[in-house]
Amino acid sequence: LATTTVILAIKIENKERKIFAFEMAANAARLIPRKVKPILSVDNEEARKRAINLYKAWCKQIPYIVRKYDIPKSVEECKQKLRDEFIKHENLTDVRVIDMLIVKGQMELKECVNIWKQKKPCNGLFS
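Residue numbers (the numbering used here): 34 to 160.
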């Protein structure tokens, strides 16, 4: 009985040490900043340039999109809505999030320009 109690106490102590070591490793991992692989842009400046280029591309295509999809708004109103969408995200600092939004914006633009979207979803972009 005494030996089983000692063995049981040793097993519990070893288990507690493993848990403690795991918790310490987890805490240390939280303190180390992670290096994540960028999607497109290396830094905020490059992401900013991509966003500006996307904005310019949308501005160039808005007159054609308004005409093709028969959007019941003027070109100026659509450009204002576009400007509002970009301003809504101006405070983002995470390059990966910015890149994902840029990729989504490029896909939306391509779908609108190539008339791959139906009229109602495209009208929804500017309403």
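Just so you know, even glycine gets a beta-carbon here, dropped at the ideal spot from N, CA and C. Since we're looking at a predicted model, the values are computed, not measured.
Three-state secondary structure (DSSP) at residue i?
i, result
"D163", "For residue 163 there is no data in the structure shown, the boundaries of the chain being 34 and 160."
"N156", "helix"
"V130", "helix"
"L142", "helix"
"E110", "helix"
"I120", "helix"
"Q3", "In the structure as shown, the chain begins at 34 and stops at 160. Residue 3 is therefore absent and cannot be evaluated."
"I135", "helix"
Below 6 Å CB to CB, which residues in the same chain sit around residue i once its five sequence neighbours on both sides are set aside?
i, result
"N156", "I104"
"L115", "W91"
"K152", "Y102"
"N119", "What sits at residue 119 in the sequence shown is Phe, not Asn. Same-chain partners within the cutoff: Y88."
So residue i and residue j are in contact, right, with Cβ under 8 Å, and what is the actual spacing, rounded?
i, j, result
"Q28", "L73", "The first residue shown for the chain is 34 and the last is 160, placing residue 28 beyond what the model contains."
"V136", "A80", "11 Å between Cβ atoms; not a contact."
"Q94", "V146", "6 Å"
To which residues of the same chain is residue i closer than 7 Å at the C-beta, ignoring the five residues directly before and after it?
i, result
"E144", "K150"
"L142", "A90, W91 and Q94"
Ordered along the chain, which non-local residues of its own chain (more than five positions away) have a Cβ less than 8 Å from that of residue i?
i, result
"E110", "F159"
"Y97", "V146"
**Prompt:** Contact between the stretch 104-116 and the stretch 131-138: three or more CB pairs below 8 Å?
**Reply:** Fewer than three Cβ pairs drawn from the stretch 104-116 and the stretch 131-138 lie within less than 8 Å of each other, which leaves the two stretches out of contact.
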